[in-house]
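Scroll down for the structure; my scribbles are underneath it.
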Amino acid sequence: DPPPPKFMVFFDNKKEAEAASRFLASRVPLALRRKIPWFHAGMSKFFRVEEVDRFAKGETWGLAATDSGGM
30 DPPPPKFMVF
40 FDNKKEAEAA
50 SRFLASRVPL
60 ALRRKIPWFH
70 AGMSKFFRVE
80 EVDRFAKGET
90 WGLAATDSGG
100 M
């Protein structure tokens, strides 16, 4: 099966973004759960840069993010 189209879903706060990421990840096979990370300003700058790169390369399917993801 081909991967789904890339997506970003925005939330009002970090707690909601993390909960949504966990929920979405719970709907896919265990081996694919890292493909839907959360993304917010509480993450390290290194993590945020790496996740944007992974998203751009198609290594992740989507991001559950706050609008202040720190980028």
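Counting the sequence shown from 1 gives a position; my numbering is that position plus 29.
By construction, the Cβ of each residue, glycine as well, lies at the ideal position given by its N, Cα and C atoms.
Helix, strand or coil at residue i according to DSSP, with G and I counted as helix
i: A70; result: coil
i: V81; result: helix
i: R51; result: helix
Sequence-distant residues of the same chain with beta carbon closer than 7 Å to residue i, five excluded per side
i: P33; result: W90
i: R83; result: T89
Opposing strand residues paired with residue i [DSSP bridges]
i: G91; result: F36
Neighbourhood of residue i by C-beta, 8 Å cutoff - its chain only, sequence neighbours within 5 removed
i: G71; result: K43
i: V57; result: K64 and I65
Other residues of its chain near residue i: CB distance less than 6 Å, five sequence neighbours each side excluded
i: D41; result: none
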